[in-house]
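Everything below concerns the one structure shown next.
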Amino acid sequence: MRLKTAAVLAGAMALTLVGASPALACSDRDAGLKLKGSCGAEWVVSNPNDYQIPFTWKDNAGGHGSDVAPAQGSIQVHSTATVIEVDAIKPDQYNHRPWRGHGAIGVLHCKTPTPTPTKPTPTKKPPTTHPATPTPTKSTPTATPTTTPTSGSAPVAKPVTKTPTFTG
Amino acid sequence: MPVAATRGAAAVLALGLLLTGCGGGSGKKTPATTGGSPAPAAAATPVLGKEPSKIAAARVAQVQIYANPGDGSPSMTLRNPNPDGAQRVFLVLGEQNGWLHVLLPVPPNGSKGWIKAGDVVVQTTPYWIQVQRSGHRLTVFSGTSKVLDVPAAIGTQDTPTPGGLYYIAELLKAPNPRGDYGPYAYGLSGYSTSLKQFGGHDPIIGIHGTNQPKLVGTSVSHGCVRVRNDVITKMAKMLPLGTPVDIQA
């Protein structure tokens with residue numbers, strides 16, 4: 060795969076990189092996806108465009124998958140491998156036709172495996188404003204306050220040009 | 233209590249009622265849970281205006297919906313983008329061990345389900361919309377601050393605007409900005425409770441502009457909420473997909 064690559068040597072916390080490639084004959088413009096990673100942490104794919112870009116990824120540890128990079132945002136790829144490739148898919152076509160050569164590759168050089176840093180989760184006290192209720196006799200899954208990391212503020216909605224058919 | 237805070241509290245109350253099966257304009261239906269998904273704990277319900285709402289934006293081509301977190305097979309699948317080409321989003325109600333409890337854009341109104349956190353990107357917004365049907369008003373809040381407070385048209389008695397908690401599922405830009413829907417139209421996650429279909433399509437409730445501005449402030453629509461074109465244009469430049477919409481009596 061002729062993708063522009065770059066690597067940054069580092070120790071236990073290596074930083075990377077980079078790369079998008081106009082190398083192959085292709086009339087489409089570059090997707091411009093960027094990769095950033097550090098040893099032991101998941102890769103992050105950034106998309107500088109004002110539209111989302113679906114992509115596929117595979118790493119040197121046998122991992123692979125597909126995701127969508129949000130417009131002018133970034134997402135984590137569930138891979139902590141040292142080498143990863145992403146291939147953009149045309150954002151206006153969801154037939155998974157590759158945007159050939161327009162992806163990115165990231166390489167890490169880690170001296171020693173670094174465990175994924177873990178942060179202690181602060182213990183949240185349950186709300187005390189609710190009156191006492193009978194203890195459920197049946198174990199049912201219940202939602203708890205969201206702790207999933209957020210990716211910042213949601214962007215303003217991008218309109219789709221189409222005649223509405225709502226109830227009017 | 234400040235007005236905004238009062239309204240925020242009212243929204244919380246309305247939401248609480250919705251989640252306990254007593255709320256919404258329909259008032260007669262227990263909010264559905266997809267495949268028997270239990271209602272979330274009270275602590276998991278979003279508090280409109282008190283804290284930013286969490287929006288889950290799909291990052292996979294097909295979002296699997298599960299009745300319970302950890303289920304082996306999904307109860308339904310929703311495509312991303314949606315049939316109109318908009319990114320699939322959900323309003324997050326809570327979380328459990330890598331699973332998100334979300335409001336679904338499917339009938340019946342109030343349907344909920346669980347999705348895998350890894351299938352989405354979670355973002356936040358301080359914005360939320362309140363529609364007061366009795367007052368024919370639409371108010372856009374940022375937190376507890378009013379950003380817009382304008383008259384709105386709602387559904388007729390025969391085709392009422394259904395109450396409850398919804399969210400903005402899509403934004404359409406009308407090819408003809410002078411048409412019935414004005415320049416922009418939001419599709420909500422809710423559906424008419426009186427119509428089986430509208431023009432051959434699912435009777436999705438919307439918030440949109442109008443070419444009959446004199447009717448704004450009256451009960452005239454088939455269920456949608458109509459505002460002036462300048463208002464919907466302001467909203468279109470401000471609000472993200474997933475913005476909560478609280479339709480009150």
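Going line by line, the protein sequences match chains A and B. So our numbering is basically just the index in the first sequence, starting at one, shifted up by 59. So our numbering is basically just the index in the second sequence, starting at one, shifted up by 232. Ideal Cβ positions, reconstructed from N, Cα and C, are used throughout, including at glycine. On a predicted model such as this, the values are computed, not experimentally measured, just so you know.
| Asked | Found |
| --- | --- |
| Taking Cβ-Cβ distances below 7 Å as the criterion, which residues of the stretch 450-476 of chain B are in contact with chain A? | S453, H454, G455, C456, A468, K469, M470, L471, P472, L473, G474 |
| I'd like to know whether the C-beta of G268 of chain B is nearer than 7 Å to at least one C-beta of chain A. | Only weak support is given to the placement of G268 of chain B: the predicted model assigns it a pLDDT of 38, under 50, and the question is left unresolved by the model. |
| Would you say K95 of chain A lies against chain B (beta-carbon separation less than 7 Å)? | no |
| Across which residues does DSSP place A290 of chain B in a beta bridge pair? | B:V352 |
| In this structure, how does DSSP classify T465 of chain B when only helix, strand and coil are distinguished? | helix |
| Taking Cβ positions only, does K117 of chain A come closer than 7 Å to chain B? | no |
| Would you identify the three-state DSSP class for P129 of chain A, choosing helix, strand or coil? | coil |
| Whose Cβ in chain B lies nearer than 8 Å to the Cβ of T126 of chain A? | The sequence as given places Asp at residue 126 of chain A; Thr does not occur at that position. The answer, in chain order, is R291, V292. |
| What are the boundary residues of the beta strand (DSSP E) that D478 of chain B is part of? | 476-480 |
| Quick one: does E283 of chain B have its CB under 7 Å from some CB of chain A? | no |
| Got a sec: which bits of the stretch 408-428 of chain B sit with their beta carbon under 7 Å from any beta carbon on chain A, in order along the chain? | D412, Y413, Y416, A417, G419, S424, L427 |
| Can you tell me whether L473 of chain B sits near the ligand ZN, meaning its C-beta is under 6 Å from at least one heavy atom of the ligand? | For the structure depicted, the ligand ZN is absent and the ligand set is empty, with no information on it obtainable. |
| Examine chain A for any beta-carbon lying closer than 7 Å to the beta-carbon of D390 of chain B, and answer yes or no. | no |
| Would you tell me roughly how many angstroms separate the C-alpha atoms of E101 of chain A and I164 of chain A, rounded to the nearest one? | 14 Å |
| Check whether the Cβ of G431 of chain B lies closer than 7 Å to any Cβ atom in chain A. | yes |
| Measure from the C-beta of I134 of chain A to each C-beta in chain B and report whether the shortest distance is under 7 Å. | yes |
| Which stretch, first to last residue, makes up the beta strand (DSSP E) that contains A147 of chain A? | 142-148 |
| Over the uninterrupted beta strand (DSSP E) stretch that includes K483 of chain B, give me the two end residues. | Residue numbering for chain B in the displayed model covers 233 to 481; residue 483 of chain B lies beyond these limits and cannot be assessed. |
| So, are the CB atoms of L332 of chain B and G345 of chain B less than 7 Å apart? | no |
| Is it buried or exposed, R410 of chain B, if we count other Cβ atoms within 10 angstroms and call 16 or more buried? | exposed |
| Would you check if the stretch 437-446 of chain B and the stretch 350-357 of chain B touch, i.e. whether three or more CB-CB distances between them fall below 8 Å? | no |
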